[in-house]
Amino acid sequence: MIVDDSAGTSDAAFRPYVGFGLRAQLQGRKPEAFGGYAGAPLVLGAFGAQRAPLVGTVSAGVGYRLNDGIELFSTVEAQTGRDDHRESIATGVRLRF
Numbered sequence: 001m002i003v004d005d006s007a008g009t010s011d012a013a014f015r016p017y018v019g020f021g022l023r024a025q026l027q028g029r030k031p032e033a034f035g036g037y038a039g040a041p042l043v044l045g046a047f048g049a050q051r052a053p054l055v056g057t058v059s060a061g062v063g064y065r066l067n068d069g070i071e072l073f074s075t076v077e078a079q080t081g082r083d084d085h086r087e088s089i090a091t092g093v094r095l096r097f
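Residue 37 in the UniProt record's numbering sits at position 37 of the sequence shown, with consecutive numbering throughout.
In structure tokens:
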């Protein structure tokens, strides 16, 4: 993923960012997980949803630093591939200590 993270080191109060990327699934198309309790065989299984082998991602956001310890932020993210789409918006407060 390519992200301009100069906002993280900037002293400016208003700090925008943008990111572009690709996400690839290296093996298979169905995520699987197996597990078990300590000392027991792996008998618990879970199968995930089928995903596209290659997905494009884009994100943008802005932060406003009120002081050294408090920042207001808002982000928009999207991910899209063949039969695989996801969008999200988040807004909140970051506390740095």
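Glycine included, every Cβ here is placed at the ideal spot set by N, Cα and C.
Three-way DSSP call (helix, strand, coil) for Q79 in this model:
The residue labelled residue 79 in the question sits at position 79 within the sequence shown. Looking at Q79 - three-state DSSP - the assignment turns out to be strand.
Buried or exposed, going by whether 16 or more other CB atoms sit within 10 Å of the CB of R86?
Start at 1 with the first residue of the sequence shown, and residue 86 comes out as number 86. Exposed, by the Cβ-count rule.
Name the residue from G81, D84, Y64 and G69 whose alpha carbon lies nearest to the alpha carbon of L95.
As a first step, residue 95 must be located in the sequence shown, where it is residue number 95. Closest option to L95, Cα to Cα, is G69.
Buried or exposed for G63, please, with buried defined as at least 16 other CB atoms from any protein chain shown within 10 angstroms of its CB.
Looking up residue 63 in the sequence shown gives position 63. So G63 counts as buried.
Residues near A33 in its chain [Cβ-Cβ closer than 6 Å; skip 5 each side]:
The residue labelled residue 33 in the question sits at position 33 within the sequence shown. Within its own chain, the residues whose Cβ lies closer than 6 Å to the Cβ of A33, once the five positions on either side in sequence are excluded, are A46, listed in chain order.
Run of the beta strand (DSSP E) containing D68, from where it starts to where it stops:
The sequence position of residue 68 within the sequence shown is 68, counting from 1. Run containing D68: none; DSSP gives neither H nor E here.
Would you mind working out which of K30, F20 and A60 sits nearest A52, comparing C-alpha positions?
Locating residue 52 in the sequence shown gives position 52, where the first residue counts as 1. Taking only the C-alpha atoms, the option nearest A52 is K30.
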